[in-house]
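Chains U and F supply the protein sequences, listed in that same order. For the first sequence, our numbering gives the first residue as 1, with consecutive numbering after it. For the second sequence, our numbering gives the first residue as 90, with consecutive numbering after it. Backbone N, C-alpha and C fix where the C-beta goes; we use that ideal spot for every residue, glycine too. Step one of this worksheet: look at the structure below.
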Amino acid sequence: MSNQPLTPERAQEYWKRTSGLMWLMLGIWFVTSFVIHFFAPTLNTISFIGFPLGFYMAAQGSLIIFVVAIFWFASKQNQIDEEFGVADE
Amino acid sequence: MSGKSTSFIDNLGKVYAYYTGGFVTFTIVLAILEQMGVPNKIIGYAFIFLTIGVYALIGVLSRTAEVSEYYVAGRVVPAFYNGMATGADWMSAASFIGMAGTLYMLGYDGLAFVLGWTGGYVLVAILLAPYLRKFGQFTVPDFLGARYGGNVARTMGVIVLITASFAYVVAQIFGVGIIASRFLGISFELAVFVGLAGILVCSMLGGMRAVTWTQVAQYIILITAYLIPVVWMSVKLTGIPIPQLMYGQALAKITALEPALGIAKGHVAAFSNAKGQFDMLAAVNFFLLIGCLMIGTASLPHILMRYFTTPSVKQARQSVGWSLFFIFLLYFTAPSYAAFAKLEVYQNVVGLGIDQLPQWVKAWGQVGLVGACDAANAAESFAMCKGVVGNADGVLQLAEFKIHPDAIVLATPEIAGLPYVVAGLVAAGGLAAALSTADGLLLAIANALSHDVYYRMIDPKADTKKRLIASRVLLICVAIVAAYVASLKPSTILSMVAWAFSIAASGLFPALVMGVWWKRTTNVGAVAGMIVGFGVCLYYLITTQFYGAPLWFGIKNISCGAFGIPAAFLVTYVVSLMTPAPSQEMQDFIDSIRVPKGDVVLADASQGIDK
Chain U
1 MSNQPLTPER AQEYWKRTSG LMWLMLGIWF VTSFVIHFFA PTLNTISFIG
51 FPLGFYMAAQ GSLIIFVVAI FWFASKQNQI DEEFGVADE
Chain F
90 MSGKSTSFID NLGKVYAYYT GGFVTFTIVL AILEQMGVPN KIIGYAFIFL
140 TIGVYALIGV LSRTAEVSEY YVAGRVVPAF YNGMATGADW MSAASFIGMA
190 GTLYMLGYDG LAFVLGWTGG YVLVAILLAP YLRKFGQFTV PDFLGARYGG
240 NVARTMGVIV LITASFAYVV AQIFGVGIIA SRFLGISFEL AVFVGLAGIL
290 VCSMLGGMRA VTWTQVAQYI ILITAYLIPV VWMSVKLTGI PIPQLMYGQA
340 LAKITALEPA LGIAKGHVAA FSNAKGQFDM LAAVNFFLLI GCLMIGTASL
390 PHILMRYFTT PSVKQARQSV GWSLFFIFLL YFTAPSYAAF AKLEVYQNVV
440 GLGIDQLPQW VKAWGQVGLV GACDAANAAE SFAMCKGVVG NADGVLQLAE
490 FKIHPDAIVL ATPEIAGLPY VVAGLVAAGG LAAALSTADG LLLAIANALS
540 HDVYYRMIDP KADTKKRLIA SRVLLICVAI VAAYVASLKP STILSMVAWA
590 FSIAASGLFP ALVMGVWWKR TTNVGAVAGM IVGFGVCLYY LITTQFYGAP
640 LWFGIKNISC GAFGIPAAFL VTYVVSLMTP APSQEMQDFI DSIRVPKGDV
690 VLADASQGID K
């Protein structure tokens, strides 16, 4: 392939790093979406800035983590892209 | 790209700042006019016609005769603005008006919608958006066609897309009709067609380009309209204008009042049944619904196609972050509407004598969204009281108070003692939410028909002009059919909206994700997976909803993706392993979309687009 930017070895390494980040993010997503809310009845006995914590996590806490995690992912993946010289801008 | 549009992109910040300033000025002028005695009806008209007029103007200014402008807005939409447009695309009448009402009714259990309609963007960001952007064609079925060997996979994609999107768009047009008829005082059927005109004038001339810039404008209106009443309410109840933080106090007061009102299932209690005990099945349904809504988010074509419009892969990823940020602003506010309204009802409505009820109860009672059902003949003055038997003691008990979920957002300006101009603003916000989502969905359906079916399958040699004419004709046809169905007020189709997520998730998600992430996925495997996932989900929905079949393991049919998604993954995996591995050309194609830089190497050149 002529216009491909990576050698096969580098491409494999690149994909390994990219997949690693994807699995990490998938883990964060799973914990934030599901695991912490398994404990909602217990968390509700704790008060956090005036909210029952279980309710707070489902209404705001998880959402904040989602937003921050996506921006963190975007910059992290961009770092990987630049390290391998495959960033597209 | 023309010079005109380059300078437009450079000046986006300025353009939308002027626009926002203009809108604020307009609202203030109307507020002053209201104080001077201009009747409410005129104010309602001004809000609805002026905002639709602005959207139409943007639509006309963004008209285009270029295919890539029409389908993907020329791929020049910066991450930040694409995020706003996606926010408006995503948040429908159901989010704007319905969500707070659902939370009022369900308490903690309703948060499944808040979580489910946000967390899916993580999946979009890490699994799909960057790769679909790199692939760089026009539609989601385009990807299925290129990855899975042509028209069979493409057709299957189109079928799932239309099934999931059509009920959804009917519900949006229905929402437009409700809002327009209420604030214009015209019949619902007429209002539906007024709304339809508003939708078509935005999207028809400029396709994706017009829809994008209209959606940004609509986002600004809808978020302003959503925040103002509840900020005011927060000031009224707590003295501090940050409802998102202050409703904790309201929750505490609600929890304290509940025992005296005889409520066992508390507003903040997680996974409890009507007696207030832990309910395993409630927990299972809560988590399955979250899962289906999230995976559905990552499969709905009208959302995924928004990430085709960014200038780069890098910006596609950032854009997902901005999308969720703008959606988050509304969703983390919705529970405060519910909490403040509930506190108001518990403190200042329930327990009062019938003749002492606040003005808003009577006002919204006349519209049929609230009912005070103490008297034996209450149903004569309150439509909501049908079937409720009050004890006629002259005092309103909790069981005698009925409220429609839509009233939570709509009545809050009045509960907070705000002038009518704010009610008009909320109507404009709800209209913006419904119109923007309808635009996105109609475009997704019409593009699937014009690009995937007409151009790809029927007449691949059609020239640009012919293709754009076909797109516009199909857009009008789909819109008219959707408006006609909405005007019939079909009750079943509204409940079918929530199904769209499970349907899209079961039919599209495994094929899309495995297409990028597992090279071994074969054409036969993917198509078999799509058919099985889509089939299982639809079978479960239809048999349980219309033929009285028992639920499987007590799982509600809104979460039919709980069966469809795993089935589709499993079938795709097993059948792929049973069929020969994809060709070297296909593997090169997958390699090429996994890396942001470089050309896309299509395995089958006939699946390419003319750029």
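Residues that residue i bridges to, as DSSP identifies them
i: F:I492; result: F:V459
i: F:F97; result: Its beta-bridge partners do not exist; DSSP assigns none.
i: U:F48; result: U:F51
i: F:S702; result: The structure shown does not extend to residue 702 of chain F, since chain F spans only 90 to 700, so no value can be given for it.
Residue i in three-state terms, based on DSSP
i: F:G442; result: strand
i: F:F421; result: coil
i: F:A694; result: helix
i: F:S681; result: helix
i: F:W641; result: coil
i: F:N466; result: coil
i: U:E89; result: coil
i: F:K451; result: helix
i: F:M383; result: helix
i: F:S388; result: coil
i: F:Y237; result: coil
i: F:T71; result: Absent from the model: residue 71 of chain F. The displayed extent of chain F is 90 to 700, so no value can be given.
i: F:I331; result: coil
i: F:S151; result: coil
i: F:P400; result: coil
i: F:T228; result: coil
i: F:M125; result: coil
i: U:S2; result: Caution is warranted here: a pLDDT of 42 is assigned to U:S2, below 50, making its placement in the model unreliable, and no coordinate value can be reported.
i: F:K550; result: coil
i: F:M585; result: coil
i: F:F263; result: helix
Close-in-space but distant-in-sequence residues of the same chain around residue i (CB under 7 Å, 5 per side omitted)
i: F:A339; result: L326, A428, F429, L432
i: F:T610; result: M603, G604, T661, S665
i: F:A168; result: T399, Q404, Q407, S408, W411
i: U:L43; result: L53, G54, M57
i: F:A535; result: S560, L563, L564, V567
Residue i, enclosing alpha helix (DSSP H) - first and last residue
i: F:L485; result: First-last for F:L485: undefined, no H or E at that position.
i: F:F652; result: 650 to 667
i: F:K223; result: 218 to 224
i: U:E82; result: 62 to 83
i: F:G284; result: 277 to 292
i: U:E13; result: 8 to 30
i: F:I348; result: Checking the sequence shown, residue 348 of chain F turns out to be Pro, not Ile. Element bounds for F:P348: n/a, residue is neither H nor E.
i: F:C566; result: 553 to 576
i: F:D178; result: 168 to 179
i: F:Y544; result: Premise fails: F:Y544 is in no alpha helix (DSSP H) and is neither H nor E.
i: F:A535; result: 509 to 536
i: F:A600; result: 588 to 606
i: U:P41; result: 40 to 43
i: F:G208; result: 200 to 212
Contacts around residue i, its chain only, beta-carbon distance under 6 Å, and the 5 residues preceding and following it disregarded
i: F:R683; result: none
i: F:V249; result: G596, L597, F623
i: F:A521; result: Q307, I310, L311
i: F:A280; result: G266, A269, S270
i: F:A363; result: K354
i: F:C649; result: S591, C626, Y629, L630
i: F:A253; result: A589, I592, A593
Cβ shell of residue i (< 8 Å), same chain only, five flanking positions each side left out
i: F:R298; result: S151, T153, E158, Y159, A162, G163
i: U:Q98; result: This structure leaves residue 98 of chain U out entirely; chain U is present only between 1 and 89.
i: F:D677; result: V690, A692
i: F:G351; result: L487
i: U:I80; result: Y14, R17, T18, L21
i: U:S2; result: Confidence is the limiting factor: at U:S2 the pLDDT is only 42, short of 50, which leaves the residue's position unreliable and the question unanswerable from this model.
Quiz prompt | Three CB pairs or more closer than 8 Å across the segment 249 to 266 of chain F and the segment 511 to 529 of chain F | solution = yes
Self-check item: Segment contact flag, the segment 287 to 306 of chain F with the segment 137 to 149 of chain F, C-beta cutoff 8 Å, min 3 pairs
Solution: yes
Quiz item: Is the segment 413 to 428 of chain F touching the segment 174 to 181 of chain F in the sense that three or more CB pairs, one from each, lie closer than 8 Å?
Solution: yes
Quiz prompt | the segment 358 to 373 of chain F contacting the segment 27 to 43 of chain U, beta-carbon criterion three pairs below 8 Å | solution = yes
Quiz item: Are at least three pairs of beta-carbons, each pair with one atom in the segment 183 to 191 of chain F and one in the segment 481 to 498 of chain F, less than 8 Å apart?
Solution: yes
Quiz prompt | Three or more C-beta pairs below 8 Å linking the segment 506 to 516 of chain F and the segment 453 to 467 of chain F | solution = no
Quiz prompt | Three or more C-beta pairs below 8 Å linking the segment 211 to 227 of chain F and the segment 364 to 376 of chain F | solution = no
Quiz item: Are the segment 641 to 656 of chain F and the segment 373 to 383 of chain F touching by the rule of at least three beta carbon pairs closer than 8 Å?
Solution: yes
Exercise. Assess, as a yes-or-no matter, whether the segment 477 to 485 of chain F is touched by the segment 231 to 247 of chain F under the definition of 3 or more beta carbon pairs within less than 8 Å.
Key: no
Quiz item: Touching or not, the segment 668 to 675 of chain F and the segment 607 to 621 of chain F, by the rule of three or more beta carbon pairs under 8 Å?
Solution: yes
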